[in-house]
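Data first, discussion second: the structure below is written as C-alpha cells.
There are 2 protein chains.
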Amino acid sequence: MNTSATYTYKHPRATIASDIVVFGYDGYQLHILLIERGVEPYKGMWALPGGFMLMDETIEECARRELREETSVSGAYLRQFDVFSDIHRDPRGRVVTVAFLALVSKADYHLLAGDDASRAEWFVHDELPPLAFDHNKIINEGLKHLRDLIATRPVVLHLLDKRFSIAELQRLVETITGEEYDRRNFQRRLIHSNLLRPEGTESDSGSRPATLYSVRPEVYDDSDDDFCESQNCMSCKPEPKGSLPDNDIESMQGKRLSRAMREGLNFFKF
Amino acid sequence: MNTSATYTYKHPRATIASDIVVFGYDGYQLHILLIERGVEPYKGMWALPGGFMLMDETIEECARRELREETSVSGAYLRQFDVFSDIHRDPRGRVVTVAFLALVSKADYHLLAGDDASRAEWFVHDELPPLAFDHNKIINEGLKHLRDLIATRPVVLHLLDKRFSIAELQRLVETITGEEYDRRNFQRRLIHSNLLRPEGTESDSGSRPATLYSVRPEVYDDSDDDFCESQNCMSCKPEPKGSLPDNDIESMQGKRLSRAMREGLNFFKF
DNA sequence: TCAAAAGTGTTTAGATTACACCCATGT
DNA sequence: ACATGGGTGTAATCTAAACACTTTTGA
Chain A
7 MNTSATYTYK
17 HPRATIASDI
27 VVFGYDGYQL
37 HILLIERGVE
47 PYKGMWALPG
57 GFMLMDETIE
67 ECARRELREE
77 TSVSGAYLRQ
87 FDVFSDIHRD
97 PRGRVVTVAF
107 LALVSKADYH
117 LLAGDDASRA
127 EWFVHDELPP
137 LAFDHNKIIN
147 EGLKHLRDLI
157 ATRPVVLHLL
167 DKRFSIAELQ
177 RLVETITGEE
187 YDRRNFQRRL
197 IHSNLLRPEG
207 TESDSGSRPA
217 TLYSVRPEVY
227 DDSDDDFCES
237 QNCMSCKPEP
247 KGSLPDNDIE
257 SMQGKRLSRA
267 MREGLNFFKF
Chain B
7 MNTSATYTYK
17 HPRATIASDI
27 VVFGYDGYQL
37 HILLIERGVE
47 PYKGMWALPG
57 GFMLMDETIE
67 ECARRELREE
77 TSVSGAYLRQ
87 FDVFSDIHRD
97 PRGRVVTVAF
107 LALVSKADYH
117 LLAGDDASRA
127 EWFVHDELPP
137 LAFDHNKIIN
147 EGLKHLRDLI
157 ATRPVVLHLL
167 DKRFSIAELQ
177 RLVETITGEE
187 YDRRNFQRRL
197 IHSNLLRPEG
207 TESDSGSRPA
217 TLYSVRPEVY
227 DDSDDDFCES
237 QNCMSCKPEP
247 KGSLPDNDIE
257 SMQGKRLSRA
267 MREGLNFFKF
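Chains A and B, in that order, give the protein sequences.
Numbering of the first sequence is given in our numbering, commencing with residue 7 and proceeding in unit increments.
Numbering of the second sequence is given in our numbering, commencing with residue 7 and proceeding in unit increments.
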C-alpha cells in the first residue's frame with residue numbers, strides 16, 4: 007500500500023495480531039504446525055503462524071488469512087481460545103495477540119511456506135524446537151484448551167482424515183487426554199454412537215483390516231464454527247421422531263444408549 | 007496526562023478495550039451489572055462496564071481497573087471468554103474488545119457509579135434494558151460460556167455468599183442450565199461432595215431452617231484465575247492418602263462416591 | 001396440629017467396566 | 001498354523017433417578 011502515509015492518534019495504541027496453533031493428526035501422532043520466521047525479530051527461529059490484523063477484517067478473518075498466506079492451509083476448523091497481552095511479549099512494541107486453535111488432518115494439506123515464513127513444517131506436539139516470542143506459552147494454553155474442549159464437543163473429529171479407523175481415533179483421544187481406554191469398550195461406544203458411518207476397510211496392515219469410518223455430515227455445523235447447533239444435527243436431537251439412520255438405536259441388541267451417546271456429545275470424557 | 011500529545015504510526019491501528027459481564031446472585035435470581043453511560047456515544051444508555059486498555063497494563067488488568075472505576079466492584083473472579091472485532095461495532099472507529107466474565111455474590115458489593123458511568127445497577131439477567139453497542143450479543147455469549155463452564159468447573163461457587171443453603175445453590179444451577187433437578191438427589195450429591203463445609207443454620211424461614219455451608223477453601227485456587235490446579239486442592243487429588251476431612255468418604259453408608267464427586271469436578275452436569 | 005421446606009433411605013433402571021472369546025488377514 | 005490386531009458378548013459393578021418417608025421449624 008502507501009508506504010509513506012502515517013496514522014496519528016490522540017492516545018497510544020497497541021497492535022492487534024492473531025496467532026494460530028494448528029494441530030494436525032496423521033493417525034499416529036499429534037503434530038503442531040510451525041513456520042520459520044523469514045524476518046526480524048527472531049528471524050530464523052520457529053514460531054506460530056499469525057500476524058497483524060488489518061483494518062478491514064475481523065480477528066477471525068485475520069487468523070484465516072495469515073494461516074493461508076504463511077502455510078497455505080485453508081478451510082480448517084478455527085476457534086479462538088485466549089488473548090495474550092503481556093506488556094513485553096513482543097520486542098517491536100505493544101502487541102496484543104488473539105490465539106486461535108485450528109484442527110486439521112495432516113493428510114489434507116501440502117504445506118507451502120509463504121509471505122513472512124521461509125519454511126512451514128509439522129512437529130510432533132511434544133518435540134518442539136525453541137520458539138519465538140511467548141509462543142511456547144500459547145501452545146501450552148492451546149493444548150489445555152483442546153483437552154477441555156474434547157470433553158464437551160466432538161471436535162477431535164476434525165483432526166481425522168476423511169476416512170479413519172477407530173484405532174486411529176482412540177490413539178488420538180489418548181494422546182490428547184493423557185489417559186488410556188479399553189480398546190474393546192472404546193470401539194463399541196463409537197460404533198454405536200451414531201456419529202460415524204462405515205465406509206470401506208483398510209488395505210494392507212499385516213493383520214485383520216479395520217473398518218474405516220467417516221463422520222456423519224450432520225454431526226457438525228461449522229457455519230458458526232461450532233458444533234451441534236443446527237436443526238439438522240441428528241445426533242443432537244433428543245428424539246429424532248422419524249426413522250433412524252443405519253445404526254438403528256432400538257435394534258442394538260436391545261440395549262439402550264446413554265443420553266450422552268444419543269446426543270453425540272461428551273464423547274471423549276471417559 | 008498530556009492533552010496535546012499525539013501518537014503516530016506507519017500502519018493504522020485499532021483500539022483495544024475490555025468489557026465485563028458481571029454476574030451477581032442474591033440467592034434467588036441471577037443478575038447482570040450494567041452502567042448508564044455518562045458520555046457519548048450512547049450517552050444515557052445502559053451498557054456493560056469496560057473501557058480502553060492502557061499501554062502499561064495487560065488486558066486482564068484493564069478489565070479489573072475498569073470494573074473498579076466504574077462500579078467499585080473489586081476482587082471478583084474474572085475470566086476472559088471471547089473477542090469481538092466486528093468492523094463497525096463501535097461508531098467511534100475500530101475497537102476490538104476482549105470480553106470477560108465476572109462472578110460475584112450480590113451481597114458482597116455496594117455499587118458506586120464512577121468515572122464514565124453515571125449509574126451502576128443490577129438487572130435480572132433476563133430482563134435487561136436496551137443496550138449500547140453490541141453488548142447484547144456479548145451478554146448472550148457470556149451466558150453461553152457460563153453454561154459451558156458450569157459443566158466443567160465448580161465456578162458457580164463464586165456466585166454464592168460466604169454462607170449459603172443448598173436450595174440457593176440449586177436455584178442458581180437451575181437458572182444457569184435451564185434444567186430442573188430433584189431436590190433430594192441434588193442435596194445428597196452436594197452434601198457428600200466434599201466441596202462444602204457446614205457452617206451454622208439459617209435464621210427465620212417459616213419452616214425448618216436449612217443448614218448453611220461454606221466452600222472449602224482448598225477447592226479453588228484463583229492464583230491463575232483457574233480451579234483445582236493447586237497442590238492443595240483436596241477435592242482434586244485422586245487419593246488424599248492421609249485422613250479425610252469431616253465428610254469421611256468411607257463412612258457414608260458404605261456407598262462409594264463417583265469419580266466426578268471425588269474429584270470435585272463435573273459437578274453441575276446433571 | 002398443620003403447612004412448608006429440610007433432609008434420609010431405598011429401590012430400580014440403566015450405564016460402564018472388565019474380560020473371555022471369536023474373526024480376518026499376512027507371513 | 002500362528003501372530004496380530006479387529007470386533008462381539010456378557011456378567012458384575014457402579015451410578016443416577018425416582019420417590020416414600022421422617023424431621024424441624026413457624027404460625
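Every residue gets a Cβ at the ideal spot worked out from N, C-alpha and C, and that includes glycine.
For clarity, every value in this text was computed on a predicted model and none was experimentally measured.
- Residue 177(B) sits in a helix when the DSSP states are folded into three classes.
- Following the DSSP letters along the chain, one finds residue 77(B) inside the alpha helix (DSSP H) bounded by residues 65-77.
- For residue 42(A), there is no enclosing alpha helix (DSSP H); the enclosing beta strand (DSSP E) covers residues 36-43.
- DSSP places residue 223(A) within a helical segment (H, G or I) once states are collapsed to three.
- Nearest CB-CB separation between residue 86(A) and chain B: below the 8 Å threshold.
- Looking at the backbone, the Cα of residue 141(B) and that of residue 51(A) are separated by about 41 Å.
- Close partners of residue 143(B) in chain A (Cβ separation under 7 Å) are lacking, with about 13 Å as the shortest Cβ gap.
- Within the same chain, 139 come within 7 Å of residue 96(B) by CB-CB distance, once the 5 residues on both sides are set aside.
- In the three-state reduction of the DSSP assignment, residue 192(A) falls in the helix class.
- Look at residue 165(A) here: in three-state DSSP terms it is helix.
- The criterion of a C-beta distance shorter than 8 Å is not satisfied by residue 64(B) and residue 10(A).
- When 7 Å is used as the limit between beta carbons, residue 18(A) is near these residues of chain B: 13 and 61, in chain order.
- By alpha-carbon distance to residue 175(A), the top candidate from 203(A), 207(A), 193(A) and 12(A) is 193(A).
- When secondary structure is reduced to three states using DSSP, residue 96(B) falls in the coil class, being assigned neither helix nor strand.
- Beta-bridge analysis with DSSP links residue 145(A) to no other residue.
- Between residue 111(B) and residue 34(B), the C-beta spacing is not below 8 Å.
- The straight-line gap separating the alpha-carbon atoms of residue 107(A) and residue 86(B) is approximately 16 Å.
- For residue 104(B), the nearest beta carbon of chain A is closer than 8 Å to its own beta carbon.
- Around the beta carbon of residue 103(B), 16 or more other beta carbons lie within 10 angstroms, which makes this residue buried.
- A residue is called buried when at least 16 other Cβ atoms come within 10 angstroms of its Cβ; residue 80(A) does not meet this threshold and is exposed.
- Taking 8 Å as the cut-off between beta carbons, the residues of the stretch 72-98 of chain B near chain A are 86, 88, 89, 91, 92 and 93, in sequence order.
- In the same chain as residue 28(A), and ignoring 5 residues on each side of it, the C-beta atoms closer than 6 Å to its own belong to 39 and 108, in chain order.
- Between residue 216(B) and residue 208(B), the gap from beta carbon to beta carbon is short of 8 Å.
- Note on geometry: alpha-carbon atoms of residue 24(A) and residue 200(B) lie some 41 Å from one another.
- At a beta-carbon threshold of 7 Å, the residues of chain A lying near residue 22(B) are 20, 22 and 102, ordered along the chain.
- Under DSSP, the beta-bridge partners assigned to residue 15(B) are 13(A).
- Along the stretch 161-188 of chain A, there is no position whose C-beta sits under 8 Å from a C-beta of chain B.
- Contact note: residue 154(B) reaches chain A through 158, using a C-beta cutoff of 7 Å and chain order.
- Annotation for residue 118(B): 77, 78 and 126 place their beta carbon closer than 8 Å to its own, counting only its chain and skipping 5 residues before and after.
- DSSP places residue 204(B) in the uninterrupted beta strand (DSSP E) bounded by 202-207.
- Residues of the same chain with a CB within less than 6 Å of the CB of residue 163(B), apart from the 5 flanking positions on each side, are 221 in chain order.
- Here residue 147(A) is near residue 105(A), since their CB atoms are less than 8 Å apart.
- Rounded to whole angstroms, the separation of the alpha carbons of residue 43(A) and residue 182(A) is 28 Å.
- DSSP links residue 111(A) through a beta bridge to 31(A).
- For residue 166(A), the closest alpha carbon among the candidates 184(A), 123(A) and 83(A) is that of 83(A).
- Relative to the Cα of residue 99(A), the nearest Cα in the group 61(B), 41(B), 18(B) and 26(B) belongs to 61(B).
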